[in-house]
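Trainee:
Residue numbers (the working numbering): -14 to 949.
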């Protein structure tokens, strides 16, 4: 009872809203246009997101806390010795990987060329500002990080190469370069595993080892790649701007140098490369998005066209797209005024709006064609609102629920949160503009139809007697049916008007009072509860059903509607087809499960940037030549520990066992052993020897950056308050997965260790809890939708409809997730955004079909499946056609981000329409809800005779007298 009361109240409200919009069409058509123009002027405040790490990394993670602690203890600007390029993340830097087309980078010719490149970069200058009297020239020596001798810190491999070059020039023996840890001329050990790549080493007996098979300290025979890093200081706004200009000049210099030396391949990367290449996807997508709009416009016009030139409404297809465009412009204007920033993930928002807006538009047009043409336009629009808007509002609520919860503070991924917040705003504006702008356009086209004007040229169509004298092409162009030609003008399917007698042995008695002034806006044949356009003059039993008969003018029907009505509906519900559809669904579930079990997380930011950019090329070269070892991992002991204790020393050495390591503690213990001193000393002796003997040796002086001393009382030796050790692990091609496992293993070890330590590498910011951060918005949105469906089944939607819709959403989501994995898509930020939007898209497609099927009473399941397909399956098919055409140009964009988006959205559309047009129509023919309720026993053999008398006057308002 509560459900019926709420349904009646909501439908009456939408009926009144439809009449109000139809009464003021000029206002509702012009107001959205003016608002969009005004808000569109705010694009002068357009801003692009600069911090990509903030977007793509989990917002709240232990790795970020650890990174802040590490930066406070060992800031990179305070380092006075060697820096590890994949451990420190200063504000600005320039980095390049140099590879040879043939041979080794250590050959004399290539080595001299690389050192020449190094000197050119070292001497390169930038002028800031570019013009004016206050311009200054800045070189690398001014911007670099200096050491304790005020000399720029450079990579150790440069020093090693300079030593080799000097030895060759003076005809001395070339010093042996070992890998991955070598010893320089000053006696200092240096890790060069991240600076030298593609290494082949000398094995025992002079044999050659393959790349990446070397052991600790073996000699290097050849190397295919070299990586150099130049660190810059960015103190204040001016220096940051100068450093930014230097990075641009750095890339230009490398490009010029590569053209002069074709034997070398250069792959540059700077601190701004990821941001630039990530946002470059938006630049590449401009023309394809315009092509998508054009293709979608053409197909939308065709989907709204019919053979009948008066009842055809091609302009509504364009106006539907215009409504979506205006809503997008309005949403963008609101974002600009609120100071929001843009990023490339927003490319998916227009497709969310397109899918939702087109389906609502096609549903309204389908409902309009089921209304009676002899009614006034206001009544027809009110009937459309009463029939469609309740379902359309429900699907909009599902969209807002999924996007709203993913945009909440519960989401730990900033890119997901911002995308969903913006998409929710866009969907809301699109819904309002559909109610106002598109509905007012429907009113205008309705008046054109009432005046028998051409749907495309708006010219009045001549009557048949005048049309006969025209040429054949003109008669074909102006073909229509006038009201006086037949008494059954384009009536809804299943309703018989005029002086006809229709019989159907399978229908129950129908009782209706005479003097009915208006027809039902929602044809009672296909709805169990009769909802009339003017309830004040109509009285009908709630289960009144009129006969279901074929369309009296099938040649005037829409092409897709005719195909579904006469061909597809009968075929998909055929007894011999159903087993094959069920088998197809089992295959669908099987492949979905296969992909679901292979889901992998995509935490690499380079997978979300444009193709053939500096970031992608650099990442490929790094993966190819520098994947033998992991990035340098910092092992930080952040509390004072009894390093002089033998058991503590043993534990720390055990933790570092199996790693390539640069450890001050291990070197210090070896130093004590070489001098025949015990490693188990008192705190004072241990610290005194460390400070006054060990750290003053030239080969160990660089360890001073790795130890922090804390003063004690006067005359006492200070404590070692904190220290760090550098570890490098041997890895395979699955570098990021192994790093994630290593991170979890060492963290678990830190919880049980007596020494308080943490590990950190900048890549941990993306790896730490990435799977949970990415999947939690999707999980929360799915649970929210199921909760909303369960709650609405108590008062608004029939429980079985909620159950079916929930199962459909789960099935579509499961299929999209599985098939996208089989298609090579990882679970990253962009794919999760598409999966969240898939919930709303599948609800748009399958929700109206389920509601239409569940509302029918008194006939067989197969009959009501066919009727539901005619009414709601055709709009789904029209939306799929236009949506797919809009997606095709996106697949041609050379961007990893858009490729992920294209694959996920294509799978979403395909799985949704497959459920709507195949799986659900088949399963509903033999699964609940039942159609037996309200069917009178013994009514199978009854016959009905319906006599209708229609009287038309000049105003085309009809009084209908029906006798049963």
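Each residue gets a CB set at the ideal place from its N, CA and C atoms; glycine is no exception.
Could you tell me the distance, in whole angstroms, from the CA atom of residue 795 to the CA atom of residue 832?
Mentor: Sequence index remark: in the chain shown, residue 795 carries index 810 (1-based). Sequence index remark: in the chain shown, residue 832 carries index 847 (1-based). When rounded, the distance between both Cα atoms is 13 Å.
Trainee: Using beta-carbon positions only, say whether residue 98 and residue 241 come within less than 8 Å of one another.
Mentor: The sequence position of residue 98 within the chain shown is 113, counting from 1. The sequence position of residue 241 within the chain shown is 256, counting from 1. No, the pair does not count as a contact, with Cβ atoms beyond the cut-off.
Trainee: Buried or exposed: where does residue 364 fall if 16 or more other Cβ atoms within 10 Å of its Cβ makes it buried?
Mentor: Residue mapping note: residue 364 aligns to position 379 of the chain shown, counting from 1. Label assigned to residue 364: buried.
Trainee: Tell me whether residue 744 sits in a helix, a strand or coil according to DSSP, three-state version.
Mentor: Within the chain shown, the letter at position 759 stands for residue 744. Strand.
Trainee: May I ask which residues mark the beginning and end of the alpha helix (DSSP H) holding residue 670?
Mentor: As a first step, residue 670 is located in the chain shown; it is residue number 685 there, counting from the start. Residue 670 -> alpha helix (DSSP H) spans 668 to 674.
Trainee: Note down, in chain order, each residue of its chain lying with its Cβ closer than 7 Å to the Cβ of residue 124, except the 5 sequence neighbours on either side.
Mentor: Position 139 of the chain shown, counted from the first residue, corresponds to residue 124. Within the same chain, residue 124 has close Cβ partners 108, 109 and 110.
Trainee: Shortest alpha-carbon distance to residue 957 belongs to which of 138, 27, 23 and 56?
Mentor: A question about residue 957 goes unanswered here, because the residues of the chain that appear run from -14 up to 949.
Trainee: Rounded to the nearest angstrom, what separates residue 823 and residue 768 at their Cα positions?
Mentor: Position 838 of the chain shown, counting from 1, holds the residue named residue 823. Position 783 of the chain shown, counting from 1, holds the residue named residue 768. Their Cα atoms are separated by approximately 14 Å.
Trainee: Is it true that the CB of residue 905 sits closer than 8 Å to the CB of residue 834?
Mentor: Translated into the one-based positions of the chain shown, residue 834 becomes position 849. Translated into the one-based positions of the chain shown, residue 905 becomes position 920. Less than 8 Å separates the beta-carbon of residue 834 from that of residue 905.
Trainee: Once DSSP output is grouped into helix, strand and coil, what is the label at residue 664?
Mentor: Start at 1 with the first residue of the chain shown, and residue 664 comes out as number 679. In this structure, residue 664 counts as coil in the three-state DSSP scheme.
Trainee: Is it true that the CB of residue 870 sits closer than 8 Å to the CB of residue 236?
Mentor: Numbered from 1 along the chain shown, position 251 holds the residue referred to as residue 236. Numbered from 1 along the chain shown, position 885 holds the residue referred to as residue 870. No, they are not a contact pair.
Trainee: Judging by CA-CA distance, which residue of 838, 372, 842 and 898 is the nearest neighbour of residue 862?
Mentor: For this step, residue 862 is matched to residue 877 along the chain shown. Closest in alpha carbon position to residue 862, among 838, 372, 842 and 898, is 898.
Trainee: Out of curiosity, what's the CA-to-CA distance linking residue -6 and residue 888?
Mentor: Position 9 of the chain shown, counted from the first residue, corresponds to residue -6. Position 903 of the chain shown, counted from the first residue, corresponds to residue 888. Going from the Cα of residue -6 to the Cα of residue 888 covers about 42 Å.
Trainee: Beta-carbon within less than 6 Å of residue 828's beta-carbon, same chain only, minus the 5 sequence neighbours each way: which residues are those?
Mentor: On the chain shown, position 843 is the one that residue 828 refers to. Within the same chain, residue 828 has close Cβ partners 380 and 383.
Trainee: Mind checking whether residue 21 and residue 314 have CB atoms under 8 Å apart?
Mentor: As a working note, residue 21 is residue 36 in the chain shown. As a working note, residue 314 is residue 329 in the chain shown. Their beta carbons are under 8 Å apart, which means residue 21 touches residue 314 by this criterion.
Trainee: Count the C-beta pairs between the region 614 to 623 and the region 263 to 280 that are closer than 8 Å, then say yes if the count reaches three, no if not.
Mentor: no
Trainee: Go through its chain and collect everything with a Cβ distance to residue 297's Cβ below 6 Å, but skip five positions before and after it.
Mentor: Here residue 297 refers to the residue found at position 312 of the chain shown. Closer than 6 Å at the Cβ level, and outside the excluded window around residue 297, lie 290, 291 and 440.
Trainee: On the DSSP bridge list, what partners appear for residue 715?
Mentor: Locating residue 715 in the chain shown gives position 730, where the first residue counts as 1. BP columns for residue 715 point to 614.
Trainee: So, at 7 Å on beta carbons, what are the nonlocal neighbours of residue 901 in its own chain, with the 5 sequence-adjacent residues on each side left out?
Mentor: In the chain shown, residue 901 corresponds to position 916, counting from 1. Same-chain partners within the cutoff: 830, 831, 834, 858 and 861.
Trainee: Curious, which full-length beta strand (DSSP E) runs of at least 3 residues does the region 233 to 288 contain?
Mentor: Taken in chain order, the complete beta strand (DSSP E) segments of 3 or more residues contained in the region 233 to 288 are 249 to 255.
Trainee: From residue 819 to residue 745, what distance separates their C-alpha atoms?
Mentor: Counting from 1 along the chain shown, the entry for residue 819 is found at position 834. Counting from 1 along the chain shown, the entry for residue 745 is found at position 760. Each residue's alpha carbon lies about 32 Å from the other.
Trainee: What span of residues does the alpha helix (DSSP H) with residue -2 cover, start to end?
Mentor: Counting from 1 along the chain shown, the entry for residue -2 is found at position 13. Run containing residue -2: -13 to 8, per the alpha helix (DSSP H) assignment.
Trainee: Return the chain-ordered list of same chain residues with a C-beta closer than 6 Å to the C-beta of residue 168, the five sequence neighbours on each side being excluded.
Mentor: Here residue 168 corresponds to residue number 183 of the chain shown, with the count starting at 1. Contacts found: 174.
Trainee: Which class does residue 27 belong to by DSSP, given the choice of helix, strand or coil?
Mentor: Reading the chain shown from its first residue, position 42 is the one you call residue 27. Looking at residue 27 - three-state DSSP - the assignment turns out to be helix.
Trainee: Grab me the residues of residue 161's own chain with a C-beta within less than 7 Å of its C-beta, minus the 5 sequence neighbours each way, in chain order.
Mentor: Working through the chain shown from its first residue, we reach residue 161 at position 176. Once the five neighbours on either side are set aside, the close Cβ partners of residue 161 are 204.
Trainee: For residue 681 and residue 261, I'd like the C-alpha separation in whole angstroms.
Mentor: Sequence index remark: in the chain shown, residue 681 carries index 696 (1-based). Sequence index remark: in the chain shown, residue 261 carries index 276 (1-based). About 45 Å.
Trainee: On a CA-only basis, which of 316, 372 and 686 is nearest residue 356? Give me that one, please.
Mentor: Counting from one through the chain shown, the residue named residue 356 turns up at place 371. Nearest option by C-alpha distance: 372.
Trainee: By the 10 Å Cβ neighbour count, where 16 or more other Cβ atoms means buried, how is residue 121 classified, buried or exposed?
Mentor: Taking the chain shown and counting its residues from 1, one reaches residue 121 at position 136. Residue 121 comes out exposed.
Trainee: With a threshold of 16 other CB atoms inside 10 Å of the CB of residue 142, please say whether the residue is buried or exposed.
Mentor: The residue given as residue 142 occupies position 157 in the chain shown. Residue 142 counts as buried, since at least 16 other C-beta atoms from the protein chains shown sit within 10 angstroms of its C-beta.
Trainee: Identify, in the order they occur along the chain, each residue of the same chain with its Cβ nearer than 6 Å to the Cβ of residue 424, setting aside the five sequence neighbours on each side.
Mentor: Residue numbering aside, residue 424 sits at position 439 when the chain shown is read from its first letter. Here the set comprises 6.
Trainee: Should residue 956 be labelled buried (16 or more other beta-carbon atoms within 10 Å of its own) or exposed?
Mentor: The requested residue 956 is not part of the displayed model; the chain covers only -14 to 949.
Trainee: State whether the region 721 to 729 contacts the region 630 to 649, with contact taken as three or more CB pairs (one from each stretch) at a distance under 8 Å.
Mentor: They do not touch, by the three-pair rule.
Trainee: So is residue 579 buried or exposed if we call it buried at 16+ other beta carbons inside 10 Å?
Mentor: Counting from 1 along the chain shown, the entry for residue 579 is found at position 594. The residue is exposed, with fewer than 16 neighbouring Cβ atoms inside 10 Å.
Trainee: Quick check: what's the CA-CA separation for residue 186 versus residue 92?
Mentor: Translated into the one-based positions of the chain shown, residue 186 becomes position 201. Translated into the one-based positions of the chain shown, residue 92 becomes position 107. Taking the straight line from one Cα to the other gives about 15 Å.
Trainee: Could you tell me the alpha carbon to alpha carbon distance between residue 256 and residue 268, rounded to whole angstroms?
Mentor: Start at 1 with the first residue of the chain shown, and residue 256 comes out as number 271. Start at 1 with the first residue of the chain shown, and residue 268 comes out as number 283. The straight-line gap from Cα to Cα measures roughly 20 Å.
Trainee: So, for residue 951: in the same chain, excluding its five sequence neighbours on each side, which residues have a beta-carbon less than 6 Å away from its beta-carbon?
Mentor: Coverage of the chain is limited to positions -14 through 949, which leaves residue 951 absent and any answer about it impossible.
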